[in-house]
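In our numbering, the protein residues as written are 40 to 721.
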């Protein structure tokens, strides 16, 4: 297999590169994850003329279908209701997964369905992958599922591929979850394709400590057979095993890649961002630095051999998973290009490393951090230092003092001061404040800062575009009733949800309790590590109406950059989709969606020679928002002229149509109330 790797990689380089000029062949647009499109028909001069071309309803099925064991979702949850999928556009076809157990192929200019595959298994929430095929094998759509299956479909027909596993399906649980048949194991992000290999990470439990491993594995793209395994928690005969005390590594879960793996095809390297070892917020039973938890590891793609690693959080007690897609770029320093990899952390620290060695391009220092709020009598042993890049500075808030309470309205200030006063007054501080027996405000929260949305990059400007949020956890740690576990809870030992009892904010309004900005978009010059510009990302209509300066909002999702001088991003909780000038950060275009689009958009050139921009809008994961899925929206630029348009359908399952004839027949606006979209905090 290794002997054929160079030939297959050459085909992989050529085929997506050609499609990538006008399409969107992988999640990050290219294997290195730059999310940069050379298309420039839509530019700073005409982006304000973008109009809705079509929407695609994801056709919610409210009844759940139990998947056969093995691989069943052990939580018993119904089918996932929301999606952060990023579709692919290849050779004139748009491919996407939905939250309702379907993968579809659409005509990208109209949204017309070409084929549909429906499964008993829910695709991972962030999308699918594509293999271009070869002389003997047709092109394939490949994806993982939330309950631990790897599925391969014929890209032309949507039918499972015979000869791949068992009639197109491979069970991923053997070898990683054998001892834990009822534990969570699946994929939440698409696999990575390099040559004739499928590279998979996993989504595993965050507690208890023992469970399925987070190992990285490679599979033969034609047969589905396992090729190699990289142990993300090193075994006794492997490098860096000494980062674990005694036998605390045995059956340890976590240290998994639930985000995106990127690839350097020229060097045959994989860049794998790894999460926190379990349990996420208390590490008394995992003493040491806990490699390769919360680390970026570089692997030889053909063999899975470790080339280098860089740990961004030692002994992670904050769930600061390193899951932002590693972005490959060239950095110029002292007149010389350096092949680099940039990765954004949940702490909003931007690390730029030499991708051949793993050494920082810009200086990083280990700084002492305070280890307080510990349980009496010992237990956990927090790591005494953490790495901080000297450039750029932290890109979002990582500490808090009581005098920094939000004052955007008197009512909100009172609410937040009352929250801070609970249990006799919560602890503050930071960065890297410890969770412990005393209630505490901890910046950033486990949702970041930065997160899986990562960055986009304009190679001509040398700018990395980063979206961040400033949101805090509001928690403490208590012992379970039987004394065997340590649990993270809210004030008065409230059980946790994504809203009340978890975050330092007003969960009904999604307003954080510290002073703004609450969400930002910024450009970092990769050649200097200086911030070129930063602007608030998003706003709240209630505060806008009161004349409060733009605050930004919490956000989840990513941006794309184009040769038209634009940065497109949705992500915010204000249900908006925006375009910014990549040179200055000026907002040039905004449209309101039916619900939040916590996803990453794409752009492509249709067969009609028009450039389209598209995004999945399906509701919020981390904030209050509709539980029902949004439609898949595509917008395009066209010359101002009298044309007819059809709105094919809207999100939330409410179809409606409107044919327009320009000024004489105004376009019908979507209804203001979506009766079947109930608000939720989940």
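Where a beta carbon is used, it is the ideal one built from N, C-alpha and C, also for glycine.
For residue 453, the enclosing alpha helix (DSSP H) has its first and last residue at 449 to 459. Between residue 204 and residue 263, the alpha-carbon positions lie close to 5 Å from each other.
Counting only runs that start and end inside the segment 175 to 212, the beta strand (DSSP E) elements of at least 3 residues fall at 179 to 183, 188 to 193, 208 to 210.
Membership of residue 584 in any beta strand (DSSP E) is not indicated; the residue belongs instead to the alpha helix (DSSP H) covering 580 to 584. Shown here, residue 242 sits in a strand according to DSSP, grouped into three states. For the pair residue 491 and residue 299, the CB atoms are nearer than the 9 Å cut-off. As the crow flies, the alpha-carbon of residue 355 is around 15 Å from that of residue 527. For the pair residue 640 and residue 590, the CB atoms are not nearer than the 9 Å cut-off. Boundaries of the beta strand (DSSP E) around residue 572: 569 to 575.
DSSP lists 439 as the beta-bridge partner residues of residue 468. Spanning the alpha carbons of residue 638 and residue 417 requires a straight line of approximately 42 Å. Shown here, residue 281 sits in a helix according to DSSP, grouped into three states. The C-beta separation of residue 457 from residue 480 comes to about 14 Å, leaving the pair out of contact by the 8 Å criterion. Bounds of the beta strand (DSSP E) holding residue 375 are 375 to 383.
Residue pairing of residue 369 in beta bridges, as defined by DSSP: 378. Judged by DSSP secondary structure, residue 514 falls within the beta strand (DSSP E) whose first and last residues are 512 to 518. Excluding five sequence positions before and after residue 603, the CB atoms of its chain that fall closer than 6 Å to its own CB belong to 79, 81, 82, given in chain order. Going by beta carbons, residue 461 and residue 393 fall outside the 9 Å limit. For the set 161, 176, 173, 201, the Cα lying nearest the Cα of residue 182 is the one of 161. When only Cα atoms are considered, residue 166 and residue 124 end up about 4 Å apart.
Within the DSSP secondary-structure output, residue 170 pairs in a beta bridge with 179. In the assembly as shown, residue 428 is a buried residue. Its beta-carbon has 16 or more other beta-carbons within 10 Å. Assignment of residue 87 by DSSP, reduced to helix, strand and coil, places it in the helix class. In terms of Cβ geometry, residue 122 and residue 97 form a close pair [threshold 9 Å]. With distances taken between CA atoms, residue 629 lies nearest to 89 out of 89, 559, 241.
Of all alpha-carbon atoms in 230, 302, 507, 179, the one lying nearest the alpha-carbon of residue 188 is that of 230. Counting C-beta pairs closer than 8 Å gives fewer than three between the segment 406 to 416 and the segment 369 to 385, which falls short of the contact rule.
Under the three-state reduction of DSSP output, residue 225 falls in the strand class. In the structure shown, residue 558 adopts extended strand secondary structure according to DSSP, grouped into three states. Within the same chain, Cβ atoms closer than 6 Å to the Cβ of residue 574 are found at 560, 624, the five residues on either side in sequence being excluded. Distance from residue 390 to residue 352 at the Cβ level is roughly 11 Å; contact not present, criterion being Cβ atoms closer than 8 Å. Fewer than three pairs of CB atoms, one per stretch, sit closer than 8 Å, so the segment 303 to 310 makes no contact with the segment 275 to 292. A Cβ-Cβ distance of about 6 Å is found for the pair residue 243 and residue 293, placing them in contact under the 8 Å criterion. By the neighbour-count criterion, in which a residue is buried when 16 or more other Cβ atoms sit within 10 angstroms of its Cβ, residue 407 is exposed. Between residue 478 and residue 513, the CB-CB gap stays under 9 Å.
In the three-state reduction of the DSSP assignment, residue 96 falls in the coil class.
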